[in-house]
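Structure record follows, encoded as structure tokens.
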Amino acid sequence: MKVAVLGFGTVGVGVYEMLENAPGFEPGPVLVRPGKEDRPFKVSSMEQIANDPEVFAVAEVMGGIEPANSYVSMALAAGKHVVTSNKALVAAHGIELAALAREKGVSFLFSAACGGGVPFLHNLAIASESDAILSLGGILNGTTNFMLDAMQSEGKDYGDVLRQAQALGYAEADPTADVSGLDALRKIMLACAVAYDKLPVEGFCSEGIESITAGDVAHFRSLGLSCRLITSGGPAGDSVYAYVEPVLFPASAPECSVLKNFNMAKYCGQNAGSIVLMGQGAGRYPTASAVVRDLYGLGGMPMLRPACRKVAADNSGCVHDYYVRCAKADAARFSFRERWEDGDLVRGLTEALSVPAMHALAGQIRKEGGGIFFAAVE
Ligand code: HSE
């Protein structure tokens, strides 16, 4: 069965190569930009793919919202199954695309959009049919994990490790999505949609690693702590909580053994208990493997159920102690239970604060031109 591939970048090349050896499937036409059709299998017309009776399924790995949304809609409308690695697309239009797929009797699967090679959404879809999912999340961004690991273990600086992550093909086309936490946020949005039939589209809190410095890393290393970018989601009344922020863990925590571009996806089932899935969360072949794996699930369980709807996230019940580094002038905004003076800076551990309160305080300080790094303390 022929699978058309939309996009021939890092992941697209990996998908094409894997399809050459995937029993039951073979690579079909590959959609590239006009003028890039340098091989017979490359085409630049989506209509040609949608109207090709030999194309059984479409693998969308071009990224971005448009034209991906139009092309995926066109493929579904033409009765082709669609698998995608595009978290921005699913976060923005997943509910509508899943409805179109249902109407046409085809599948719309997106395992590769969350966790790279880690079969997180796939397992979550099955687990949430039979068990109540009490919480979910973990380390879902390979780029920032790679960067934090290298800063912590090799003492490298932020710019160097970001360039390295880009060169290794881990980062998004615009790496701001990785370091700002947006990429991880989109992944937790999708996980909540799959597990709870609720896609949070507003109200979330998201903090990335853009403000971390080598000085911060050296300080919390001296306290025996390591930083990871953590996503958290779970039920909250009629809604869900969904947020992303750096978290400091003691060296003995399992999160600290997650190195390089690896992800650690977790969920807790009421009956199953805590389930942890670890593997490479970014990169050509890990992500391509998830795209191709979804092809073997076509016609089976959907990832988004008909009940899935958009909600505003509610993080008001989520509370943590925080590590904060800010200017002395801003320190009075916090109630510290322990603090260290560092020249013009103050570093401290706060009393318990709600997630929205901490994110709002940081936002206010930045709005007024100040600098701050914060991380929840596990
Ligand atoms: N840029 C993403 C990451 C790729 O680093 O995790 C996989 O979604």
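Under the numbering used here, residues 1 to 378 are what the sequence shown spells out, in order. Here a beta-carbon is modelled for each residue, glycine too, at the ideal position from N, C-alpha and C. This structure is a prediction, so every number in the text was calculated from the model and none was measured.
Asked: Burial state of Gln48 (16 or more Cβ within 10 Å); Found: exposed
Asked: Buried versus exposed call for Ile139 [16 or more other C-beta atoms within 10 Å across all chains shown]; Found: buried
Asked: For Ala242 and Tyr322, believed in contact at Cβ under 8 Å, the rounded distance; Found: The pair is not a contact, with the Cβ atoms about 19 Å apart (cut-off 8 Å).
Asked: Alpha-carbon spacing of Thr287 relative to Ala113, whole angstroms; Found: 8 Å
Asked: Completely contained alpha helix (DSSP H) runs for the segment 48-110, where each covers 4 or more residues; Found: 68-77, 87-104
Asked: Near ligand 3: Tyr158 beta-carbon under 7 Å from a heavy atom; Found: With respect to ligand 3, the structure shown offers nothing to examine, as its ligands consist of ligand 1.
Asked: Same chain, Cβ closer than 8 Å to Ser335, neighbours up to 5 away in sequence not counted; Found: Thr350, Glu351
Asked: Separation of Ser232 from Gly137, as counted between CA atoms; Found: 5 Å
Asked: For Asn271, the nearest candidate out of Val194, Tyr71, Leu134, Ala4 (CA to CA); Found: Leu134
Asked: Environment of Ile65 [buried if 16+ CB atoms lie within 10 Å]; Found: exposed
Asked: Within the segment 198-226, ranges of the beta strand (DSSP E) (whole runs, at least 3 residues); Found: 198-202
Asked: Span of the alpha helix (DSSP H) around Arg309; Found: Segment 309-312 is the beta strand (DSSP E) holding Arg309; no alpha helix (DSSP H) there.
Asked: Cβ-heavy atom distance, Gly273 to ligand 1, below 7 Å; Found: no
Asked: Whole-Å CB distance - Arg245 paired with Ile230, under 8 Å assumed; Found: According to the sequence displayed, residue 245 carries Glu and not Arg. With 8 Å as the limit, Glu245 and Ile230 qualify as a contact, their Cβ atoms being about 7 Å apart.
Asked: Residues of its chain near Ala59, where Cβ-Cβ distance is below 6 Å and the 5 sequence neighbours each way are ignored; Found: Val3, Val5, Val15, Val83, Val291
Asked: Through-space distance from Asn145 to Leu109, alpha-carbon basis; Found: 26 Å
Asked: Rounded C-alpha distance that separates Pro200 from Pro306; Found: 16 Å
Asked: Extent of the continuous beta strand (DSSP E) run through Pro246; Found: 239-250
Asked: Residue closest to Lys42, alpha-carbon to alpha-carbon, out of Cys256, Met74, Phe56, Gly9; Found: Gly9
Asked: Three or more C-beta pairs below 8 Å linking the segment 210-220 and the segment 250-265; Found: no
Asked: Residue nearest to Gly116 in terms of C-alpha spacing, selected from Glu17, Ser107, Tyr170; Found: Tyr170
Asked: Simplified DSSP assignment, three categories, for Met147; Found: helix
Asked: Simplified DSSP state of Cys114, which is helix, strand or coil; Found: coil
Asked: Supposed contact pair Val179 and Leu162 - C-beta distance, whole angstroms, cut 8 Å; Found: 7 Å
Asked: Cys326: first and last residue of the uninterrupted beta strand (DSSP E) it sits in; Found: 319-327
Asked: Integer-rounded CB distance, given that Gln164 should sit under 8 Å from Ser226; Found: Rounded, the Cβ-Cβ distance is 19 Å, inconsistent with contact.
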